[in-house]
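One structure is given below, encoded as structure tokens.
In the working numbering, the protein residues as written are 3 to 426.
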């Protein structure tokens with residue numbers, strides 16, 4: 003069977019990955035830049051996200067108005083996002099417009115970081131940070147990251163802090179841009195009804211003159227903290243608790259197993275749903291695996307009014323202990339796997355979703371994976387593989403507890419021990 007992928011590396015190091023989908027009428031393209039929050043220093047926290055904004059603000063060939071209008075002229079579905087690991091820019095258009103789409107995105111990757119737009123965009127980002135502080139969920143997640151990964155770049159938020167964004171200079175942003183947005187630190191990914199040879203020619207024409215920088219990410223996995231941390235926020239009416247445990251990396255053979263286990267415990271129609279939500283203990287509770295290339299975290303979380311938190315904590319602990327000790331049932335595994343299979347089948351039919359999957363593959367694995375390969379990983383999950391996962395990564399001992407909201411629960415005598423209290 004012929005591979006649907008064509009891979010090519012330009013002399014300057016830009017990697018081009020193409021998936022041909024001959025039975026569709028559209029195509030999607032995007033640049034993946036290997037730079038994110040975990041590549042920042044504390045004094046530049048938020049610089050990757052700031053740069054994401056500035057890529058839309060003007061190039062030697064286009065003003066910010068031109069960029070916006072050119073996207074709309076193609077009828078493009080476009081956006082960008084910044085994560086801990088990378089920054090992504092993409093657009094999805096009719097097949098006939100894919101060269102124009104790549105040209106626009108490539109032009110954006112050579113931004114001028116216009117001085118007149120820099121100050122304006124700083125205000126926009128400071129507003130985003132202020133808005134995030136109005137969300138208990140956002141504050142709780144940032145607090146968990148801050149305490150769980152203390153002293154590591156993953157501890158600071160993707161948006162950055164008020165002081166780092168307010169103090170950031172255009173010169174510092176420009177230097178970071180020159181270092182990180184180099185072709186040898188980027189991947190152009192295209193999926194859809196395209197001619198791979200034509201796409202490579204387009205990439206060479208548009209990007210072949212970019213200078214490499216020799217950038218090498220020196221990433222190290224964090225040391226996860228244990229104990230308990232409390233963040234008291236009097237202005238909210240709900241309390242959030244989260245229990246975090248070490249888990250597998252995205253490259254571990256048990257990664258898909260960990261995701262299925264999390265869904266059985268805390269996804270739709272899960273044990274948390276039937277034994278906590280439907281029992282009236284809390285309206286929201288779940289489990290989620292955060293998997294990076296070099297480590298992972300399993301987070302069990304829930305929220306309710308402060309007086310209900312002790313019962314919610316006990317219920318989460320009870321279900322975590324049961325699944326770790328007794329394992330799962332075959333019908334639970336099959337239910338979650340079928341939902342995953344359906345999702346993969348649907349996503350395989352559109353260039354946009356295949357583009358996002360390929361971006362995930364390139365960041366996490368360094369190689370594209372076919373839908374059949376993804377399905378095979380789902381098929382490989384069994385009752386036994388989940389038992390093996392929980393034997394290696396138990397969620398009924400140790401871990402880290404975060405409590406965020408108006409209550410100081412647990413007090414200094416609370417579980418699992420070691421209490422740090424912050425007040426805001």
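Where is the CB? At the ideal position from N, CA and C, for every residue including glycine. Predicted model only: the values in this text are computed from it and were never measured.
**Q.** Inter-residue Cα distance where the pair is residue 426 and residue 358
**A.** Counted from its first residue, the chain shown places residue 426 at position 424. Counted from its first residue, the chain shown places residue 358 at position 356. Summary for residue 426: the model assigns pLDDT 45, below 50, so the residue's position carries little reliability; its value from the coordinates is reported in the next sentence. Whole-angstrom Cα-Cα distance: 38 Å.
Q | Per-residue DSSP class, three states only, for residue 216 | A | Here residue 216 corresponds to residue number 214 of the chain shown, with the count starting at 1. Correct three-state label for residue 216: coil.
Q. With which residues is residue 65 paired in a DSSP beta bridge?
A. Numbered from 1 along the chain shown, position 63 holds the residue referred to as residue 65. Looking at the DSSP output, residue 65 shares a beta bridge with 60.
Q. Under a Cβ-count criterion, where at least 16 other Cβ atoms within 10 Å of its own Cβ denotes burial, should residue 21 be classed as buried or exposed?
A. Residue numbering aside, residue 21 sits at position 19 when the chain shown is read from its first letter. Buried is the call here.
Q: Go ahead and pull the three-state DSSP assignment for residue 222.
A: For this step, residue 222 is matched to residue 220 along the chain shown. Note: residue 222 maps to coil in three-state DSSP.
Q: For residue 202, name the three-state secondary structure that DSSP assigns.
A: Within the chain shown, numbered from 1, the residue matching residue 202 stands at position 200. Residue 202 falls in the helix class under three-state DSSP.
Q) Got a sec, what are the start and stop residues for the alpha helix (DSSP H) residue 265 sits in? A) Here residue 265 refers to the residue found at position 263 when the chain shown is read from its first residue. Per DSSP, residue 265 belongs to the alpha helix (DSSP H) from 257-268.
Q) If you pair each beta-carbon of the stretch 119-136 with each one of the stretch 68-76, do three or more pairs fall below 8 Å? A) By the C-beta criterion, the stretch 119-136 is judged not to be in contact with the stretch 68-76, since fewer than 3 inter-stretch pairs fall below 8 Å.
Q.
Quick test of your reading: residue 33 and residue 111, contact by CB under 8 Å. State the CB separation rounded to the nearest angstrom.
A. The count along the chain shown starts at 1 and reaches residue 33 at position 31. The count along the chain shown starts at 1 and reaches residue 111 at position 109. Contact annotation, residue 33 with residue 111: C-beta distance approximately 6 Å; criterion of less than 8 Å satisfied.
Q. Looking at C-beta atoms only, is the number of pairs between the stretch 112-130 and the stretch 164-181 that lie closer than 8 Å three or more?
A. Taking 8 Å as the limit for Cβ pairs, the verdict is that the stretch 164-181 does touch the stretch 112-130.
**Q.** Cut-off 8 Å between Cβ atoms - residues of its own chain near residue 248, not counting five sequence neighbours on either side
**A.** Residue mapping note: residue 248 aligns to position 246 of the chain shown, counting from 1. 226, 297, 298, 299, 300 and 395, listed in sequence order.
Q) When the Cα atoms are used, what is the spatial distance from residue 268 to residue 49? A) Numbered from 1 along the chain shown, position 266 holds the residue referred to as residue 268. Numbered from 1 along the chain shown, position 47 holds the residue referred to as residue 49. If you draw a straight line from the Cα of residue 268 to the Cα of residue 49, it comes to about 34 Å.
Q) Are there 16 or more other CB atoms within 10 angstroms of the CB of residue 382, so buried, or fewer, so exposed? A) On the chain shown, residue 382 is found 380 positions in, with the first residue counted as 1. Classified as exposed, residue 382 has fewer than 16 neighbouring CB atoms from the shown chains inside 10 Å of its CB.
(Q) Classify residue 380: buried if its beta carbon has 16 or more other beta carbons within 10 angstroms, exposed otherwise. (A) Taking the chain shown and counting its residues from 1, one reaches residue 380 at position 378. The Cβ neighbour count for residue 380, taken over all protein chains shown within 10 Å, is at least 16; the residue is labelled buried.
**Q.** Same chain, Cβ closer than 8 Å to residue 97, neighbours up to 5 away in sequence not counted
**A.** Taking the first residue of the chain shown as position 1, residue 97 is located at position 95. Correct list, in chain order: 26, 27, 28, 29, 194, 195 and 196.
Q) In three-state terms, what does DSSP make of residue 340? A) Here residue 340 is taken as the residue at index 338 of the chain shown, counted from 1. It is helical.
Q | Continuous alpha helix (DSSP H) stretch holding residue 326: start and end | A | Along the chain shown, read from residue 1 onward, the residue named residue 326 stands at position 324. Start and end: 311-328.
Q) Skipping 5 residues on each side, what residues in its chain have a beta carbon closer than 8 Å to that of residue 127? A) One-based indexing of the chain shown puts residue 127 at position 125. Around residue 127: 48, 51, 52, 55, 161, 162 and 167.
Q.
Less than 8 Å between CB atoms is the rule here; does residue 163 satisfy it with respect to chain D?
A. The structure shown has no chain D; it contains just one protein chain.
**Q.** 3-residue-minimum beta strand (DSSP E) runs that sit fully inside the stretch 135-184, ordered along the chain
**A.** Correct list: empty.
Q | Runs of beta strand (DSSP E) wholly within the stretch 366-418 (minimum 3 residues, chain order) | A | Counting only runs of 3 or more, we get 402-407.
Q.
Between which residues of its own chain and residue 204 is the CB-CB distance below 6 Å, once the five residues before and five after are set aside?
A. As a working note, residue 204 is residue 202 in the chain shown. For residue 204, where only same-chain residues beyond five positions count, the Cβ hits under 6 Å are 101 and 104.
Q: Measuring alpha carbon to alpha carbon, tell me which of 93, 116 and 117 ends up nearest residue 108.
A: The residue given as residue 108 occupies position 106 in the chain shown. Residue 108 has its Cα closest to that of 93, out of 93, 116 and 117.
Q. Buried or exposed: residue 315, going by 16 or more other Cβ atoms within 10 Å of its Cβ?
A. For this step, residue 315 is matched to residue 313 along the chain shown. That one is buried.
Q: Please report how far the alpha carbon of residue 361 lies from the alpha carbon of residue 155, in whole angstroms.
A: Here residue 361 is taken as the residue at index 359 of the chain shown, counted from 1. Here residue 155 is taken as the residue at index 153 of the chain shown, counted from 1. Each residue's Cα considered, the two are about 22 Å apart.
Q: Please state if the CB of residue 14 and the CB of residue 231 are separated by a distance shorter than 8 Å.
A: Here residue 231 refers to the residue found at position 229 when the chain shown is read from its first residue. Here residue 14 refers to the residue found at position 12 when the chain shown is read from its first residue. Against a cut-off of 8 Å, the Cβ pair of residue 14 and residue 231 comes out as no contact.
Q.
Taking the straight line between their C-alpha atoms, what separation do you get for residue 418 and residue 402?
A. By 1-based counting over the chain shown, the position of residue 418 is 416. By 1-based counting over the chain shown, the position of residue 402 is 400. Confidence at residue 418 is low in this model, with a pLDDT of 43, below 50, so its placement is unreliable and the value that follows should be read with caution. Distance between the alpha carbons of residue 418 and residue 402: 8 Å.
**Q.** Which of helix, strand or coil DSSP assigns to residue 116
**A.** Indexing the chain shown from 1 puts residue 116 at position 114. Here residue 116 carries a coil assignment [DSSP, helix/strand/coil].
Q: Please name the residue in 164, 140, 19 and 325 whose C-alpha comes closest to that of residue 125.
A: The sequence position of residue 125 within the chain shown is 123, counting from 1. The residue with the shortest Cα to Cα distance from residue 125 is 164.
Q. Comparing alpha-carbon positions, which option in 375, 374 and 365 lies nearest residue 190?
A. Mapped onto the chain shown, residue 190 falls at position 188. Closest by alpha carbon: 365.
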